[in-house]
Amino acid sequence: MTENMSDSINIKIQYFAALREITGCACETLSVPVGSNPKTVYQQLNNQYDLPTQKRLKIAINDCFCSWESVLTSDDTLVFIPPVTGG
Amino acid sequence: MTENMSDSINIKIQYFAALREITGCACETLSVPVGSNPKTVYQQLNNQYDLPTQKRLKIAINDCFCSWESVLTSDDTLVFIPPVTGG
Amino acid sequence: MTNFSITSEPIVSAELIIQLEDPDCGAVATFSGIVRQHNKDREVTQLHYQSYKTLAVKEGNKILGEAKEQFNIVNALCVHRVGDLNIGETAVWVGVNASHRDAAFNACRYVIDEIKTRVPIWKKEIYVDGDSGWLEGAG
Amino acid sequence: MTNFSITSEPIVSAELIIQLEDPDCGAVATFSGIVRQHNKDREVTQLHYQSYKTLAVKEGNKILGEAKEQFNIVNALCVHRVGDLNIGETAVWVGVNASHRDAAFNACRYVIDEIKTRVPIWKKEIYVDGDSGWLEGAG
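Chains as they are written, first to last, in my numbering: chain P, 1 to 87; chain S, 1001 to 1087; chain E, 2001 to 2139; chain F, 3001 to 3139.
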């Protein structure tokens, strides 16, 4: 958050279900280093929140399923998707 | 039909679907020899109507599924059941 | 137990499914058999269903009882229509409720399969060319 | 194609099944997932469903498209409810029509199975003792 602006980008993160209760918010904007992926962002968030293990989560970037290694770009919306329990 | 009354019994026969069209009636009363079973009755009816092969028919006596060899008793209701096509 | 019934009135699935509402059932599976416009490339205008009612009701309820024994379900209903039916009308409706969907689906499938092979009901198709005929069952 | 939808209104299966009326379809299979009173022996008073709506609608429609490709069906619909639901209310409804019942049953089963594992919707149970919690999915 305190990094040089040219080396960081802003992304939006949305939270659902248990993750929304842990973080206490439905969405937030986060400044992350250029080259970040969902994996590094999750590690970064883990300093702030007591997040569950990432093993069972899936990833969406801009409303598409993605991998933990997908490189994020400015203004991307990232979602960590807990195991679904609908139906 | 011309036999001695003491040697014959009256049974009721109900017809459905194609058999009803062949016989032209929904039910009739028939005098059959004592000891008759659905097999012998079917042969007897075949003299009167052009019935289909009995191979694919099932039998009910008094609203219960029965075998072709079940011995009929007086006032029984006999039904020859064509292959079903409901649903 | 008369969970299997035969009717000459139109089948309204909305009224039937209500009977399967149960706070312990998480799953309801239904099947509707509908009069189709075509059968083996011949254009159908109407169908006529005839039943051997006493035995049909008895055998239908037997099938529903078997479904309850064989699958972990709570209830199973079936209504079969007879008389003259138009294209698009429901000829048969089956509904099953259960705690879980596996049992509901399997029982619903079992019921319609058995109904179609065992219950003494027959179907006569009336074609656009005026021809008609009782269908040949699988025997 | 928006055959999959998410609603916060009560699901009325009677209104949905009408959309599957088709003169070429002889078979309609439906599934309703209902809020149960008990889950693993704990008494439930209410459920709350939350969805990641954009992706849920996208993934739901993808599943319905897969069902159309893999089975010989004509149409498939699914509605999932979100928000607060009471015991006995329908949380999800799936309906499929086809010429024949085999395809209708298999596709209906496929859709609900895939919905339950892939569509981002979550369920929170509220228990009689006031406790509540988001269910743990299979992951």
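For every residue, glycine included, the Cβ atom is placed at its ideal position computed from N, Cα and C.
- Taking 8 Å as the CB threshold, F/E3089 stays off the interface with chain P.
- Note on P/Q48: under 16 other CB atoms within 10 angstroms of its CB, so exposed under the neighbour-count rule.
- The alpha carbon of E/I2121 has as its nearest neighbour, out of E/V2044, E/E2043, E/H2038 and E/V2092, the alpha carbon of E/V2092.
- When secondary structure is reduced to three states using DSSP, E/F2071 falls in the coil class, being assigned neither helix nor strand.
- The beta-carbon distance between S/A1017 and E/W2134, rounded to whole angstroms, is 5 Å. This is short enough to meet the 8 Å contact definition.
- In the three-state scheme derived from DSSP, where H, G and I count as helix and E and B as strand, F/Y3110 is classed as helix.
- Look at P/Q43 here: in three-state DSSP terms it is helix.
- In the three-state reduction of the DSSP assignment, F/K3123 falls in the strand class.
- Of all residues in the stretch 3124 to 3137 of chain F, the ones placed with a Cβ closer than 9 Å to any Cβ belonging to chain P are K3124, G3133, W3134, L3135, E3136 and G3137, in chain order.
- The Cβ of S/T1053 sits no closer than 8 Å to any Cβ of chain E.
- The Cβ atoms of F/I3018 and F/T3090 lie no closer than 8 Å to each other.
- With 16 or more other CB atoms across the displayed protein chains lying within 10 angstroms of its CB, S/S1036 is buried.
- Within chain E, not a single residue places a beta-carbon under 8 Å from that of F/F3004; the smallest gap is close to 18 Å.
- Secondary structure of E/T2117 (DSSP, three-state): helix.
- Here E/E2043 is bridged, per DSSP, to E/H2038.
- Chain P places a beta carbon closer than 8 Å to that of F/G3033, counting this residue as a contact.
- For P/T29, the enclosing beta strand (DSSP E) stretches over residues C27 to P33.
- The alpha carbon of P/I22 has as its nearest neighbour, out of P/I11, P/P33, P/T29 and P/L45, the alpha carbon of P/L45.
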